[in-house]
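J.: Pasting a structure here, questions to come.
Residue numbers (my numbering), protein chains in the order written: chain A, 15 to 290; chain B, 19 to 286.
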């Protein structure tokens, strides 16, 4: 009886193994299928003239447009301009946001003076700063730096501030009774203790910064992906508009992936749960 | 012989939004000898953890003082290390790095740190888990690691604040026996806070019973049980008698506390 049962479960297991593989690969397969169906439908609609190919070019047209842009070096020029701007703005925002967050998180009285001011500025959308940015900085890189900074500084500040505020008192006490020097308290306790909260803030800030740089370039720049799609619109080159949009999406996705990878490296203990 | 003297210590806490203060400790005096294992026993709200925090130097008494070898305690230092109920391990460090923390603070060279940390990890039976992060091990193992971390900087006094309170009953009993063994091996003074009578009797040389509102010392009991204490200790007549005696003397107060808790629940 037991043997028979054993044999049956073995058979079941053999039957289940491919099933599991199918289930796992099925998910990837289905998402690829989703894309394929969408692109095919689009291609058919555009090439049969059911939709206006000038307003919405077909995927194959986009492919050739992208390869043209790549080969001429145009795409690379705009991409590097945009990335340079987002990195400069983000670096400024990270520096200011981290410093302000640590200082205001630690010194509560000072925080009473400054925090309401910060909270009053925070709800203004970065895009609303564009006219001022142009008036203050003209047209060039500076207004883009500024708008990225405005978009990215608040997420960094808020996450740093709450990270420092919420560091557990017992952990600081533990460090103190073990004889921690002020340097050790900052570098071995406060900073690593705050990182798991700060890092998602940095990741969000970079995402917001990327949106801001595109918005800034639509209006106040002579290069960059935002400028490229805006110029292409004026020339009715929708294939370049759409290519630009797709590239913007891919780069945003890649930046998020890079930040997540860095976070995993720097915060490995956060793998499963916040430890008590 | 007195290593630590608690000298007429009182502690008030300011109440949020109120002019008056809450008296948590009132005129507590206690002499602790070198190598002694003192248990502070009492219901919650009796100020036993506050007293421990004052001894550690995390809190300052409102009046009175704590003397560590005749020198007033003004801030935490590594001669009085603490084991916390919630472990307070640094989650971003491996178990071994946690144990090394106090050694690094003293400026001991890395190789020597590792050697010392490993010997303490062996003492608390955590060899083989050096490179694990705290989140990867059980509650009992976290507390063993916390004990190793507190012992590594070679403190005079080990302060333990309900260290086994968060553990399940079996792990708790096991760790009590382990603690007795570790303390015997290292010959350290221990001040141990608990609200478990059983735990107090099993561990202590002297039990300081505290009462609440405000917290003060109610009675001190010498525990006349032989060492080493083992599982068999729990069935000795002396163990049972003292446990019963403490139960009887504490029961009225626990009743009051229970009634208060019920009243509070109804009020909110």
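We put the beta carbon where it would ideally sit given N, CA and C, even for glycine.
Every value quoted in this text rests on a predicted model; they were computed, and no experiment measured them.
I believe residue 171 of chain A touches residue 115 of chain A by the beta-carbon criterion, under 8 Å. Please report the beta-carbon distance rounded to the nearest angstrom.
T.: With 8 Å as the limit, residue 171 of chain A and residue 115 of chain A qualify as a contact, their Cβ atoms being about 5 Å apart.
J.: Looking only at its chain, what residues have a beta carbon closer than 7 Å to the beta carbon of residue 215 of chain A, apart from the 5 residues adjacent to it on each side?
T.: If we look at residue 215 of chain A and ignore the five residues flanking it on each side, its Cβ neighbours are 169, 170, 172, 173 and 174.
J.: Out of B:112, B:55 and B:46, state which residue places its alpha-carbon closest to the alpha-carbon of residue 82 of chain B.
T.: Checking every option, the nearest Cα to that of residue 82 of chain B belongs to B:46.
J.: Would you decide whether residue 242 of chain A is buried or exposed? Buried here means 16 or more other CB atoms lie within 10 Å of its CB.
T.: Per the 10 Å Cβ criterion, buried.
J.: Mind checking whether residue 130 of chain A and residue 164 of chain A have CB atoms under 8 Å apart?
T.: In this structure, residue 164 of chain A does not lie closer than 8 Å to residue 130 of chain A by Cβ.
J.: Hey, out of B:110, B:72 and B:30, whose CA is closest to residue 93 of chain B's CA?
T.: It is B:72 whose Cα lies nearest to the Cα of residue 93 of chain B.
J.: For residue 194 of chain B, is the classification buried or exposed, using 16 other Cβ atoms within 10 angstroms of its Cβ as the cut-off for buried?
T.: Classification of residue 194 of chain B: buried, given that the 10 Å Cβ count is 16 or more.
J.: Going by C-alpha distance, which of A:154, A:99, A:67 and A:202 is nearest residue 166 of chain A?
T.: Per the Cα distances, A:99.
J.: Does DSSP classify residue 159 of chain B as helix, strand or coil?
T.: Reduced to three states, the DSSP call for residue 159 of chain B is helix.
J.: Could you check if residue 265 of chain B is buried or exposed, using at least 16 other CB atoms within 10 Å of its CB as the buried criterion?
T.: The residue in question, residue 265 of chain B, is exposed, as its Cβ has fewer than 16 Cβ neighbours within 10 Å.
J.: Taking three-plus beta-carbon pairs below 8 Å as touching, is the segment 255 to 267 of chain A in contact with the segment 135 to 155 of chain A?
T.: Not touching, per the Cβ criterion.
J.: Can you give the Cα-Cα distance for residue 226 of chain A and residue 117 of chain A, rounded to whole angstroms?
T.: Roughly 27 Å between the two C-alpha positions.
J.: From what residue to what residue does the alpha helix (DSSP H) around residue 66 of chain B run?
T.: Per DSSP, residue 66 of chain B belongs to the alpha helix (DSSP H) from 66 to 74.
J.: Please check if any C-beta of chain B sits within less than 8 Å of the C-beta of residue 203 of chain A.
T.: Closer than 8 Å: yes.
J.: From A:119, A:71 and A:77, pick the residue whose C-alpha is nearest to that of residue 250 of chain A; which is it?
T.: With distances taken between Cα atoms, residue 250 of chain A lies closest to A:71.
J.: Distance cutoff 8 Å, beta carbons only. Does residue 215 of chain A sit that close to anything in chain B?
T.: With 8 Å as the cut-off, residue 215 of chain A does not count as an interface residue toward chain B.
J.: Keeping to the same chain, check which residues put their C-beta closer than 7 Å to that of residue 241 of chain B; ignore five residues upstream and five downstream.
T.: Only 219, 222, 223, 224, 225 and 260 meet the Cβ criterion.
J.: Mind pulling the chain B residues with CB within less than 7 Å of residue 206 of chain A?
T.: Those within 7 Å of residue 206 of chain A in chain B are 110.
J.: With H, G and I counted as helix, E and B as strand and the rest as coil, what does DSSP make of residue 126 of chain B?
T.: DSSP places residue 126 of chain B in coil when its eight states are reduced to three.
J.: Going by DSSP, name the residue or residues bridged to residue 177 of chain A.
T.: In the DSSP output, where bridge partners are listed per residue, residue 177 of chain A has none listed.
J.: By alpha-carbon positions, which one of B:69, B:123 and B:40 ends up nearest to residue 23 of chain B?
T.: Residue B:69 is the option with its Cα nearest to residue 23 of chain B.
J.: So, is residue 35 of chain B buried or exposed, given that buried needs 16 or more other C-beta atoms within 10 angstroms?
T.: The residue is exposed, with fewer than 16 neighbouring Cβ atoms inside 10 Å.
J.: Closer than 8 Å between beta carbons: that is the criterion. Which residues of the segment 180 to 199 of chain A meet it against chain B?
T.: Of all residues in the segment 180 to 199 of chain A, 182, 184, 185, 187, 188, 189, 190, 191, 192, 193, 194, 195 and 198 have a Cβ within less than 8 Å of some Cβ in chain B.
J.: Please confirm whether residue 120 of chain A has its beta-carbon closer than 8 Å to some beta-carbon of chain B.
T.: No, residue 120 of chain A lies away from the interface with chain B (no Cβ there is under 8 Å from its Cβ).
J.: Give a yes or no on whether the C-beta atoms belonging to residue 123 of chain B and residue 207 of chain A are separated by under 8 Å.
T.: Cβ atoms of residue 123 of chain B and residue 207 of chain A: not closer than 8 Å.
J.: Name the chain A residues that come within less than 7 Å of residue 120 of chain B, Cβ to Cβ?
T.: Those are 192 and 193, listed as they occur along chain A.
J.: State the beta-bridge partners of residue 51 of chain B as determined by DSSP.
T.: Partner(s): B:20.
J.: Please report how far the alpha carbon of residue 270 of chain A lies from the alpha carbon of residue 217 of chain A, in whole angstroms.
T.: Those two C-alpha atoms are separated by around 6 Å.
J.: Cutting at 7 Å between CB atoms, please list the residues of its own chain near residue 79 of chain A, excluding the five before and the five after it.
T.: Within the same chain, residue 79 of chain A has close Cβ partners 253, 254 and 257.
J.: Taking the straight line between their C-alpha atoms, what separation do you get for residue 211 of chain B and residue 255 of chain B?
T.: Near 24 Å, if we compare the C-alpha coordinates of residue 255 of chain B and residue 211 of chain B.
J.: I want to verify the contact list: residues of chain A whose CB lies under 9 Å from the CB of residue 186 of chain B, in sequence order.
T.: Ordered by position in chain A, no residue passes the 9 Å Cβ test against residue 186 of chain B, which lies about 15 Å from the chain.
J.: Going by Cα to Cα distance, which pick from B:37, B:20, B:54 and B:64 is closest to residue 234 of chain B?
T.: Residue 234 of chain B has its Cα closest to that of B:64, out of B:37, B:20, B:54 and B:64.
J.: Please confirm if residue 283 of chain A has its CB atom under 8 Å from at least one CB of chain B.
T.: True, the Cβ-Cβ gap to chain B drops below 8 Å.
J.: Is residue 257 of chain B close to chain C, meaning its C-beta is less than 8 Å from at least one C-beta of that chain?
T.: The structure shown contains no chain C; its protein chains are A and B.
J.: Determine the extent of the beta strand (DSSP E) in which residue 177 of chain B is found, giving its start and end residues.
T.: 175 to 179 is the extent of the beta strand (DSSP E) around residue 177 of chain B.
J.: Determine the burial state of residue 144 of chain A: buried for a count of at least 16 other Cβ atoms within 10 Å of its Cβ, exposed for fewer.
T.: Classification of residue 144 of chain A: buried, given that the 10 Å Cβ count is 16 or more.
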